[in-house]
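Asker: Position in the sequence shown (first residue = 1) + 113 = this note's numbering.
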Amino acid sequence: MLTLSLSVELLAENHATTADERTRVGREAMQHGLQEFQRLLDAVTAISRARGRTLTPQLLSVRDLLGGQVVISDDDLSDVLVSLDPRCVQELLAALGGDRPAQVNLDIDAIEARFSVALPPSIEAFFGSPLYALLSSLQAHAGTTMVALAAAQVQLERQGGAVRCADGRAHFALPLVRDGQVGSSLGSGGAQS
Numbered sequence: 114m115l116t117l118s119l120s121v122e123l124l125a126e127n128h129a130t131t132a133d134e135r136t137r138v139g140r141e142a143m144q145h146g147l148q149e150f151q152r153l154l155d156a157v158t159a160i161s162r163a164r165g166r167t168l169t170p171q172l173l174s175v176r177d178l179l180g181g182q183v184v185i186s187d188d189d190l191s192d193v194l195v196s197l198d199p200r201c202v203q204e205l206l207a208a209l210g211g212d213r214p215a216q217v218n219l220d221i222d223a224i225e226a227r228f229s230v231a232l233p234p235s236i237e238a239f240f241g242s243p244l245y246a247l248l249s250s251l252q253a254h255a256g257t258t259m260v261a262l263a264a265a266q267v268q269l270e271r272q273g274g275a276v277r278c279a280d281g282r283a284h285f286a287l288p289l290v291r292d293g294q295v296g297s298s299l300g301s302g303g304a305q306s
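1) Starting from residue 228, follow the beta strand (DSSP E) in both directions and report where the run begins and ends.
2) Which partner residues does residue 284 have in the DSSP bridge list?
3) Taking three-plus beta-carbon pairs below 8 Å as touching, is the segment 135-144 in contact with the segment 159-171?
4) With distances taken Cα to Cα, identify the nearest neighbour of residue 234 among 246, 194, 259.
5) So, is residue 240 buried or exposed, given that buried needs 16 or more other C-beta atoms within 10 angstroms?
6) Could you name the residues of the same chain whose beta carbon sits closer than 7 Å to that of residue 305, not counting the 5 residues immediately before and after it, in chain order?
7) Would you check if there are 3 or more beta carbon pairs closer than 8 Å linking the segment 218-226 to the segment 179-189?
8) What are the residues that DSSP puts in a beta bridge with residue 217?
9) By the 10 Å Cβ neighbour count, where 16 or more other Cβ atoms means buried, how is residue 266 classified, buried or exposed?
10) Give the single residue among 292, 271, 290, 282 whose Cα lies nearest to the Cα of residue 162.
11) Touch check for the segment 248-256 and the segment 145-153: three-plus C-beta pairs under 8 Å?
12) Using C-beta distances below 7 Å, list every residue in its chain close to residue 302, excluding the 5 sequence neighbours before and after it, in chain order.
13) What three-state label does DSSP hand residue 194 in the structure shown?
14) Of all the options 262, 279, 237, which has the alpha carbon lying nearest to the alpha carbon of residue 248?
15) Give every residue of the same chain whose Cβ lies closer than 7 Å to the Cβ of residue 236, excluding the five residues on either side of it in the sequence, and list them in chain order.
16) Please state whether DSSP places residue 174 in a helix, a strand or coil.
This is the structure we're talking about:
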């Protein structure tokens, strides 16, 4: 990557005074190709980092996990516990909500906390697994919020959770801790809210 970038710069310096239109177009195409390659590489690297990241599960309440977000729920959240590395959820909510709190719809059942957040307009029509979408169409999704969703999917699935997208929302399932035991998530069945 660095070698190619330096080559483009050297070409630009060498031909700055004598560059014809073909040379300029070729140089710009090479620069664009390098930027595109970097975007694709960054997306694949994000997934690789998610797979290799050291996760430190913590026992925490759903209320604490979603602190700072606008939570809509009919359930009593006072004693609902999950065991996971909270960074996965916090980073994902930051990617989806930007600098404002996300509106989170939350439902608690016997074994899991299911929550959903609106997808950004650029990917709101998407349905299914973010990881599958990213890796099956890397060029379309690299550099978008889909990368953060796919990375979160990898990390949450490593901890017994699930991530799916449907109906303009990202749906998450986190296994609950009941009587000291972690429930099992629906995983491949997907989380609904």
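Idealized CB from N, CA, C, for every residue including glycine.
Bear in mind that the values here come from a model prediction, so they are computed numbers and not experimental data.
Answerer: Working from what's here:
1) From DSSP, the beta strand (DSSP E) with residue 228 extends over 225-231.
2) DSSP, once it has assigned bridges, lists 229, 277 as partnering residue 284.
3) As far as the Cβ criterion goes, the segment 135-144 does not touch the segment 159-171, which means the pair count is below three.
4) Answer by Cα proximity: 259.
5) Per the 10 Å Cβ criterion, exposed.
6) Its pLDDT being 37, under 50, residue 305 is placed unreliably in this model, and the value from its coordinates should be taken loosely. Residues 227, 284 of the same chain have their beta carbon placed closer than 7 Å to that of residue 305, with the five preceding and five following residues left out of the count.
7) Touching, yes.
8) Paired residues: 184, 230.
9) Looking at its Cβ environment, which holds 16 or more other Cβ atoms inside 10 Å, residue 266 is buried.
10) Looking at the Cα atoms, 271 is the closest of the given residues.
11) Remark: three or more beta-carbon pairs, one from each stretch, lie closer than 8 Å, so the segment 248-256 and the segment 145-153 are flagged as touching.
12) Only weak support exists for where residue 302 lies, its pLDDT of 40 falling under 50; the value from the coordinates is given anyway. Excluding residues up to 5 positions away in sequence, nothing lies with its Cβ nearer than 7 Å to the Cβ of residue 302 in the same chain.
13) Strand at residue 194.
14) With distances taken between Cα atoms, residue 248 lies closest to 262.
15) Closer than 7 Å at the Cβ level, and outside the excluded window around residue 236, lie 257, 258, 259.
16) Assignment of residue 174 by DSSP, reduced to helix, strand and coil, places it in the strand class.
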